[in-house]
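Q:
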Amino acid sequence: MGMKTDVLIVTAQQRTGLHLQKSLRLVPGLSIKGPVHSSHKLLFFLTEYSPVLALIFLCPVTEKWLRLLFHAPRYPQVIFTASHSSYAPLAYTYNCAGYLVEPYSERDLCHTVKKALIRGRIWEHAREADTESLFPLSGKQKNHTRFFHPGEIDYFKAEDKYVFIFSGKKRYFCPYSLKELEGILKRDDFCRIRRNLIISRHAVHNAVKESPRDIYISLRTFGKPVLKVGRFYIPRTRKWLGL
Numbered sequence: 009m010g011m012k013t014d015v016l017i018v019t020a021q022q023r024t025g026l027h028l029q030k031s032l033r034l035v036p037g038l039s040i041k042g043p044v045h046s047s048h049k050l051l052f053f054l055t056e057y058s059p060v061l062a063l064i065f066l067c068p069v070t071e072k073w074l075r076l077l078f079h080a081p082r083y084p085q086v087i088f089t090a091s092h093s094s095y096a097p098l099a100y101t102y103n104c105a106g107y108l109v110e111p112y113s114e115r116d117l118c119h120t121v122k123k124a125l126i127r128g129r130i131w132e133h134a135r136e137a138d139t140e141s142l143f144p145l146s147g148k149q150k151n152h153t154r155f156f157h158p159g160e161i162d163y164f165k166a167e168d169k170y171v172f173i174f175s176g177k178k179r180y181f182c183p184y185s186l187k188e189l190e191g192i193l194k195r196d197d198f199c200r201i202r203r204n205l206i207i208s209r210h211a212v213h214n215a216v217k218e219s220p221r222d223i224y225i226s227l228r229t230f231g232k233p234v235l236k237v238g239r240f241y242i243p244r245t246r247k248w249l250g251l
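In structure tokens form, the structure reads like this:
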């Protein structure tokens, strides 16, 4: 019997959790964990099992729960289900592999799960590949495609469900999520300083540490933006900048 893929169900509603559990049994090769109904149990399951896939029913799961995904040894592929589409922008900032709005069929759920598992295998392959294979990185702007080398990129920024490459005054659509980029880019050259932002070392003009919890980075790019480092990202940013 082959190895099974760990899938974690997260929902604050027990009835929804049991329904998802029943539906997932239709997909072969899955080891279903949960349903998880509390944040402390979610943290336990993420660190204990490091699931490949997490299936999260968003309402009333809060963003505090979602931040716990970053504590997993391996960030999972995440499928969100919700009663309406207004949660979609939030979902896509957490590297959403699928978004299902109720009512949806068991067939839709199974199809989305299978696609997410394929996406996970592609992601793992990209993570293991040489970073240099990412470049030149293609960026699109309307009908124009530009190919970037690392030194031409100032920063990557997530806006709604899209990621953009910023270079000088212009921005280009990026084909990767921030989480995928974070796993492939050289950590000496790029650093994630906020949930929606990865910056390039060459674009950093200076950094000011006003307190242990307040670090500001100014960039030498167009507009000379000053960025406050998110609290979750302060330890890695301090190490990256040598502060």
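Under the working numbering, the residues of the sequence shown are numbered 9 to 251, in order.
Where a beta carbon is used, it is the ideal one built from N, C-alpha and C, also for glycine.
Based on the DSSP output, what are the partners of Asn103 in its beta bridges?
A: Asn103 pairs with nothing; no bridge assigned.
Q: On the three-state DSSP scale, how would you describe His210?
A: Reduced to three states, the DSSP call for His210 is helix.
Q: Look at Leu50 and Val18 and say whether their C-beta atoms are less than 9 Å apart.
A: The answer is yes: Cβ separation under 9 Å.
Q: Taking C-alpha atoms, which residue in Leu26, Gln21 and Arg33 lies nearest to Lys12?
A: The option with the nearest alpha carbon to Lys12 is Arg33.
Q: Which residues bound the alpha helix (DSSP H) around Ser31?
A: Ser31 -> alpha helix (DSSP H) spans Gln22 to Leu32.
Q: Once you ignore the five residues that flank Ala124 on each side, which residues in its own chain have a CB closer than 7 Å to its CB?
A: Same-chain partners within the cutoff: Leu61, Gln85, Ile87, Ala105 and Gly106.
Q: Closer than 7 Å by C-beta to Ala211: which residues in its own chain qualify, once you throw out the five before and the five after it? Chain order, please.
A: Answer for Ala211: Asp162, Tyr163, Leu227, Arg228 and Thr229, listed in chain order.
Q: Using the beta-carbon count (16 or more within 10 Å), is Thr153 buried or exposed?
A: Looking at its Cβ environment, which holds fewer than 16 other Cβ atoms inside 10 Å, Thr153 is exposed.
Q: With 16 as the cutoff for other CB atoms within 10 Å, does Pro144 come out buried or exposed?
A: Exposed, because fewer than 16 other Cβ atoms sit within 10 Å of the Cβ of Pro144.
Q: Distance check for Lys187 and Leu193, CA to CA, integer angstroms please.
A: When rounded, the distance between both Cα atoms is 10 Å.
Q: Might you give, ordered along the chain, the residues of its own chain that have their beta carbon closer than 6 Å to the beta carbon of Met9, omitting 5 neighbours on each side?
A: Confidence in Met9 is poor, its pLDDT being 46 and thus under 50, which makes the residue's placement too unreliable to answer from.
Q: For the candidate residues Arg115, Leu205, Gly128 and Arg127, whose alpha-carbon lies nearest to that of Val35?
A: If we check each option's Cα against that of Val35, Arg115 comes out closest.
Q: What distance in whole Å lies between the Cβ atoms of Ser58 and Leu76, which are believed to be in contact at a cut-off of 8 Å?
A: Actually they are not in contact, since the Cβ atoms of Leu76 and Ser58 sit about 13 Å apart, beyond 8 Å.
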